[in-house]
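In the working numbering, the protein residues as written are 670 to 1109.
In structure tokens form, the structure reads like this:
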């Protein structure tokens, strides 16, 4: 598989990148419920923080090496998981065997081990300290409340239903703008427990590829924090008085370290089974839709031949992937995706939004390995675009989780379900646009 690498900075890449930033912010502005009260100083500070993070990851050796070091930790965790899988499966756990990389055996089990480690680190108080540090930075530079900073920082490491537990005692007293930020941050980021699965999926058995995607996904998760604040505060500005009380982390209590490991393992098993079941069903749904669009509609109308000719053979017919890519291609061009790959990247965004990010990352891995992408930049931007939980099914998950933690806010939370999904998608797109601008 050979990519055309980006040519570095050019006026064209700068222009496309700036246009992309304007388009993303314009969409958020058009959806704002109170445009006059938007705090543009906060927006500017968030964009500056995000672009500095991107530049630091790509061009400051110390920061880049730090992310690579953290990436190596993820890879070691995956290797340790394989030790357990070899005990359970013997030769079937070998990635270099005749079966090669198998997602069920080589990517999903790491969710269990990572979930157990996260619970253990919670018991020791490690994650709380990291979250508080990130929250302090966000509060200092973006002037958000302590509770908002905690939940946004928590979403870098945890899922959209786990992070709000950090501030469960504050949720009932938070206003509309604060609750909306909690929801957008949840939709615009991914959980650390599933990040390792994405690394295994995208990198397969190649160590260098796995390290590259580990670095990309880690930076995408960190960059999503200020982006979530920017998008949320444009779409739902702060219009009510805010009382920023002293905030402390609310964490789950365990009897001891063994209890933490056992609880995390049980949660990881449930998560792994849920992910596997969703992948099975949603990929089967894609197959069903493709049967209708390609084998029935496309064959009898001649659209299959038109699609093959239109895409130069990249698309095999009038599939749901082609339809989504065709619809979203203009947006992908506007945010700076190389023209040759706009339909592929647009299709991935569509699959993520309608189905989920697991299906989209699986499709990205297949298309990458098949050599369909012309530019490496397209693969990198796709990795950022898909790095979030913003999809239709996540609305129900988020509403259910927050509804339990703050039942008195249930009506407000329900009203903001769809806007928060759109905001979460814009968060990931904004991060991808930033990276695309810098890559050239």
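In this text, a Cβ means the ideal position worked out from N, Cα and C, and glycines have one as well.
What three-state label does DSSP hand residue i in the structure shown?
i, result
"residue 670", "Because residue 670 carries a pLDDT of 47, less than 50, the predicted location of this residue cannot be relied on, and no value is offered for it."
"residue 634", "Because the chain is modelled from 670 through 1109, residue 634 falls outside the range shown and cannot be assessed."
"residue 923", "coil"
"residue 958", "helix"
Counting contacts by CB-CB distance shorter than 8 Å, is residue i in contact with chain C?
i, result
"residue 811", "Within the model displayed, chain C is absent; a lone protein chain is all it includes."
For residue i, which residues of its own chain have a beta-carbon under 8 Å away from its beta-carbon, when the five flanking residues on both sides are left out?
i, result
"residue 784", "862, 933, 934, 936, 937 and 940"
"residue 787", "796, 826, 827, 861, 862 and 933"
"residue 780", "862, 863, 865, 866, 937, 940, 941 and 944"
"residue 1029", "1017, 1018, 1020, 1021 and 1055"
"residue 957", "none"
"residue 706", "906, 907 and 908"
"residue 885", "1049, 1052 and 1053"
"residue 876", "744"
"residue 724", "1107"
"residue 758", "774"
"residue 965", "none"
Ignore the nearest five residues each way along the sequence and tell me which others in residue i's own chain have a CB closer than 7 Å to its CB.
i, result
"residue 995", "1012"
"residue 905", "702, 845, 846 and 849"
"residue 959", "988 and 989"
"residue 1041", "983 and 1013"
"residue 1077", "841"
"residue 1091", "700"
"residue 973", "963, 967, 986 and 987"
Would residue i and residue j qualify as a contact pair, given that the criterion is a beta-carbon distance under 8 Å?
i, j, result
"residue 1018", "residue 697", "no"
"residue 868", "residue 890", "no"
"residue 834", "residue 688", "no"
"residue 693", "residue 1004", "yes"
"residue 1063", "residue 856", "yes"
"residue 993", "residue 829", "no"
"residue 740", "residue 887", "yes"
"residue 870", "residue 1031", "yes"
"residue 979", "residue 1025", "no"
"residue 949", "residue 1027", "no"
Straight-line CA distance for residue i to residue j?
i, j, result
"residue 1037", "residue 841", "45 Å"
"residue 670", "residue 792", "Residue placement at residue 670 is flagged as unreliable, the pLDDT there being 47, under the threshold of 50; the coordinate-derived value follows with that caveat. Answer to the nearest angstrom: the Cα atoms are 44 Å apart."
"residue 1049", "residue 719", "17 Å"
"residue 1045", "residue 910", "47 Å"
"residue 843", "residue 852", "12 Å"
"residue 1105", "residue 1033", "17 Å"
"residue 742", "residue 907", "39 Å"
"residue 1111", "residue 1071", "Coverage of the chain is limited to positions 670 through 1109, which leaves residue 1111 absent and any answer about it impossible."
"residue 680", "residue 1060", "34 Å"
"residue 686", "residue 926", "48 Å"
"residue 969", "residue 963", "9 Å"
"residue 708", "residue 1023", "32 Å"
"residue 736", "residue 690", "25 Å"
"residue 954", "residue 1086", "24 Å"
"residue 1006", "residue 895", "22 Å"
"residue 704", "residue 924", "49 Å"
"residue 922", "residue 1097", "32 Å"
"residue 752", "residue 1080", "47 Å"
"residue 732", "residue 813", "25 Å"
"residue 806", "residue 1069", "30 Å"
"residue 997", "residue 976", "16 Å"
"residue 831", "residue 804", "16 Å"
"residue 879", "residue 738", "13 Å"
"residue 798", "residue 1065", "30 Å"
"residue 900", "residue 717", "14 Å"
"residue 728", "residue 747", "27 Å"
"residue 756", "residue 730", "39 Å"
"residue 734", "residue 961", "48 Å"
"residue 695", "residue 931", "47 Å"
"residue 1084", "residue 1035", "37 Å"
Leaving out five residues before and five after residue i in sequence, what residues of the same chain have Cβ atoms less than 6 Å from its Cβ?
i, result
"residue 990", "1016"
"residue 1053", "889, 1100, 1101 and 1104"
"residue 811", "711, 714, 715 and 898"
"residue 1093", "853, 856, 857, 1057 and 1059"
"residue 1039", "none"
"residue 883", "740, 743 and 868"
Using 8 Å for Cβ pairs, my map puts residue i next to residue j. What's the rounded Cβ distance?
i, j, result
"residue 967", "residue 986", "5 Å"
"residue 749", "residue 782", "7 Å"
"residue 892", "residue 722", "5 Å"
"residue 946", "residue 789", "So it is not a contact: roughly 26 Å between Cβ atoms."
"residue 1088", "residue 700", "7 Å"
May I ask you to check if the CB of residue i is nearer than 7 Å to at least one heavy atom of the ligand ADP?
i, result
"residue 1091", "Questions concerning the ligand ADP fall outside what the structure shown contains, since it holds no ligand whatsoever."
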